[in-house]
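This report refers to the structure that appears directly beneath it.
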Amino acid sequence: MEPVDLSKRLQLSFYQRDTQLVARELLGKLLVRRVGDELRVGRIVEVEAYLGPQDLAAHSSKGLTKRTRVLFGPAGHAYVYLVYGMYWCLNVVTEAEGSGTAVLLRALEPVRGIGARTQGPGLLCRALGIDGELNGQDLTSEELHQVDAPLADPALIVAKSRIGVEYAKEWARLPLRFYLAGNPYVSRS
DNA sequence: GGCTCGATCTTG
DNA sequence: AAGATCGAGCCC
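Written as structure tokens, this is what we have:
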């Protein structure tokens, strides 16, 4: 098994910063999910930033509702929602409480304990056993957290437009999707 | 109460 | 190119 240092867990202060910065810095970091005794670890290779109520692609543009309660809550918590009636998506809430900002985790490179595909937000959640039960979960918890790890070459970060948000007019074109160029686990090239 | 539409993925 | 599948959000 590839040696991995899981000791440097990301703290709340990491998430309480600018969303695009958090998005970029999450690339290369490890997502750790504990299911019973089992640990599932993946390296984050693709994310998208969602910038709050004015961002027409963000769920927070609908305002504070039952669904967006966690999204408008404190940073460092998981916003998990159901898309297309069958897939879950995992977001990391960022910035100050009430900002409605988050980073969507779109793809992982398997590191340990992952036996299913993780290239895409729906597959990622399925492979890690993440569903609505984890909505609002503290991301510094045993069950679900992230770990600091060096990014080999920051120059590999590419910014393109976000996927599946064509309805968001000019917001759809902003380069808010970040991924590691050439990484085979990115959901689309 | 009913209608529409997804921050997706698979199959044809 | 289209289907699976269902709840949130919105309008009545």
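Going left to right, the first sequence walks through residues 127 to 315 as the working numbering numbers them.
Glycine included, C-beta positions come from ideal geometry on N, C-alpha and C.
Here the structure is a predicted model, which means the values were calculated and not measured.
TODO: State yes or no: is the C-beta of LEU182 within less than 8 Å of the C-beta of ARG169?
DONE: Taking the first residue of the first sequence as position 1, residue 182 is located at position 56. Taking the first residue of the first sequence as position 1, residue 169 is located at position 43. It is not a contact, given that the beta carbons lie outside the stated cut-off.
Task: C-alpha gap between VAL237 and GLY308, whole angstroms - done: Stepping through the first sequence from its first residue, residue 237 is reached at position 111. Stepping through the first sequence from its first residue, residue 308 is reached at position 182. Here the alpha carbons of GLY308 and VAL237 stand approximately 17 Å from one another.
Task: Range of the contiguous beta strand (DSSP E) that encloses PHE304 - done: Against the first sequence, residue 304 aligns to sequence position 178. Residues 303–306.
Task: Within the stretch 159–194, ranges of the beta strand (DSSP E) (whole runs, at least 3 residues) - done: 164–176
- [ ] Just confirm the distance between the C-beta atoms of LEU136 and ILE283, as a whole number of angstroms; I'd bet it's less than 8 Å.
- [x] Numbered from its first residue, the first sequence carries residue 136 at position 10. Numbered from its first residue, the first sequence carries residue 283 at position 157. Their Cβ separation, rounded to whole angstroms, is 18 Å, which puts LEU136 and ILE283 out of contact at 8 Å.
TODO: Return the first residue and the last residue of the alpha helix (DSSP H) that TYR205 is part of.
DONE: As a first step, residue 205 is located in the first sequence; it is residue number 79 there, counting from the start. Where TYR205 is concerned, there is no enclosing alpha helix (DSSP H), although the beta strand (DSSP E) it sits in stretches over 204–209.
- [ ] Note down, in chain order, each residue of its chain lying with its Cβ closer than 6 Å to the Cβ of VAL209, except the 5 sequence neighbours on either side.
- [x] What you label residue 209 is simply residue 83 of the first sequence in a count that begins at 1. So the qualifying residues of the chain are CYS215.
Task: Burial state of GLU292 (16 or more Cβ within 10 Å) - done: As a working note, residue 292 is residue 166 in the first sequence. It is exposed - the Cβ of GLU292 has fewer than 16 other Cβ atoms within 10 Å.
Task: 8 Å Cβ cutoff met for VAL171 and VAL158 - done: Counting from one through the first sequence, the residue named residue 171 turns up at place 45. Counting from one through the first sequence, the residue named residue 158 turns up at place 32. Going by C-beta atoms, VAL171 is not nearer than 8 Å to VAL158.
Task: Collapsed DSSP secondary structure at GLU235 in the structure displayed - done: If you number the first sequence from 1, residue 235 lands on position 109. The answer is strand: DSSP assigns GLU235 an E or B state.
TODO: Counting only the same chain and skipping the five closest in sequence on each side, list residues whose C-beta sits under 6 Å from that of GLN146.
DONE: The residue given as residue 146 occupies position 20 in the first sequence. Excluding positions up to five away in sequence, the list reads ALA175.
Task: Where ALA298 falls: helix, strand or coil (DSSP) - done: Numbered from 1 along the first sequence, position 172 holds the residue referred to as residue 298. If DSSP states are grouped into helix, strand and coil, ALA298 belongs with the helices.
Task: Buried versus exposed call for ARG232 [16 or more other C-beta atoms within 10 Å across all chains shown] - done: Numbered from 1 along the first sequence, position 106 holds the residue referred to as residue 232. With 16 or more Cβ atoms within 10 Å of its Cβ, ARG232 is classed as buried.
- [ ] Can you give me the Cβ contacts of LEU249 inside the same chain, cut-off strictly under 6 Å, excluding the 5 residues immediately before and after it?
- [x] On the first sequence, position 123 is the one that residue 249 refers to. Once the five neighbours on either side are set aside, the close Cβ partners of LEU249 are ARG243.
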